[in-house]
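Read in order, the letters of the sequence shown correspond to residues 1 to 240 in my numbering.
No residue lacks a Cβ here, since even glycine has one placed at the ideal position from N, Cα and C.
Quick caveat, the model's predicted, so the values are computed rather than measured.
One structure is given here, and the rest of the page talks about it.
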Amino acid sequence: KAYSIDRIIGGEECVPNSQPWQVALYFFDRFICGGVLINEYWVLTAAHCNTSNIQVRLGEHNLNVSEETEQLTYAAKICPHKNYSMWTNDNDIMLLKLASPAILNENVTTISLTNEPVEDNANCLISGWGAITSCPEVTYPDVLMCLNVTTFPDADCQQFYEAGGITANMFCAGDLEGGKDSCQGDSGGPLVCGSQLYGIISWGDPVCGQPNMPGVYTKVFNYLAWITYVMENEDSDVCR
């Protein structure tokens, strides 16, 4: 089975606060995942990041330095997709409602969701605090890393992972020559094309950055109705 990915391999440090929708999720004091601010109360992330007591940090760049741009809150409501499967990684999407609204400014802003499917061979950007090496050992950065990736046609994606596992809710992006990829710790973070959110970092080959094994992303477009439904029904059993 491919493992959840948390890293960016082959990227470079983002210009500080250039991805102002990027969120860092913590379980107590331990960084667990990325996320994306989609309005002042809601963060979109991956369902496999689901845990209790999720702390949410906005406006972060260096996780080990207290920065004036930071806003700290927690997830008052946790809403994983009810059909998420940890075995197949399908429906790897989750909404978090913040206990207090984000204060929007130049360092903390929302990103708009795509209203169309991801195009093939699009140039997009991923960001995260995930591992920057996975072999021989996993190492993590202090600062937010950015990487340009290319999206691949679904047929190509299914060939890369010929053992199966690519559902209609997933797409691939990366660099076929290897050396550029998301990795452990980037999970839940954004794949942005233009200025819109198209993907959520989901999973990939356990050794990140392998040739012909691009990262796999949740197709945000497939979940627009679900996102609206959850926000309108947060007090029902869709959230806890």
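Could you check which residue in the options has the C-alpha nearest to that of residue i?
i    : options                  : result
S18  : S134, I126 and C157      : I126
K180 : T150, T139 and C239      : T150
S112 : V216, Q184, K219 and W21 : W21
C14  : L72, F221, W42 and L144  : L144
Q184 : V207, G194, F160 and K97 : V207
Q243 : L37, I32, I9 and R30     : Here the chain comprises residues numbered 1 to 240, so residue 243 is not present and cannot be evaluated.
L72  : C124, I201 and L25       : L25
Q55  : S66, E67, H61 and K77    : K77
E214 : N148, E234 and I32       : Looking at the sequence shown, residue 214 is not Glu but Pro. Ranking the options by Cα distance to P214, first place goes to N148.
D205 : G188, S182 and G189      : S182
V238 : L104, E116, L98 and N83  : N83
V138 : F28, D29, R57 and D186   : D186
H61  : D90, S85 and V23         : V23
L98  : Y41, I32, P136 and P153  : Y41
N123 : P153, P80 and S100       : P153
H48  : N91, V65 and G11         : N91
C146 : A131, F160 and P136      : A131
S202 : L58, C193 and T218       : T218
P117 : Y74, G199 and L176       : G199
G209 : T133, A155 and E67       : T133
A155 : A102, D120, R30 and T110 : D120
P101 : P141, S66, L58 and E67   : L58
Y74  : D235, Q159 and D29       : D29
V216 : S236, C157 and V230      : C157
Based on DSSP bridge pairs, tell me the residues matched to residue i.
i    : result
G174 : T150
G215 : A173
D237 : D237 is not bridged to any residue.
N121 : None; N121 has no bridge partner.
C193 : Q196
I201 : Y217
N39  : W42
G209 : According to DSSP, G209 bridges with nothing at all.
I9   : D181
M231 : M231 pairs with nothing; no bridge assigned.
Q19  : None, per the DSSP bridge assignment.
A24  : G34 and R57
T139 : T133
Please check the pair residue i and residue j, which I expect to be a contact at CB under 8 Å, by giving their CB distance rounded to whole angstroms.
i    : j    : result
A163 : L191 : In fact, because the Cβ distance is near 23 Å, the residues do not count as touching under 8 Å.
N107 : T69  : 4 Å
M94  : T45  : 5 Å
G35  : G188 : 5 Å
P16  : N50  : At roughly 29 Å, the Cβ-Cβ gap does not stay under 8 Å, so P16 and N50 are not in contact.
L211 : G178 : With the sequence shown as reference, residue 211 is identified as Pro, and Leu is not the correct amino acid for it. Right, the Cβ-Cβ distance comes to about 4 Å (below 8 Å), so this counts as a contact.
F221 : T114 : 5 Å
V43  : L96  : 4 Å
F27  : N64  : The Cβ separation is near 17 Å, so there is no contact.
I8   : G128 : 5 Å
Hey, does residue i have any beta-carbon neighbour from chain B nearer than 8 Å?
i   : result
I78 : The question asks about chain B, but that chain is absent: this structure has only one protein chain.
(request) Would you check if the region 224-237 and the region 165-176 touch, i.e. whether three or more CB-CB distances between them fall below 8 Å? (result) no
(request) Please specify which runs of the beta strand (DSSP E), each continuous and at least 3 residues long, are wholly inside the region 58-133, giving them in chain order. (result) 71-80, 94-98 and 123-128
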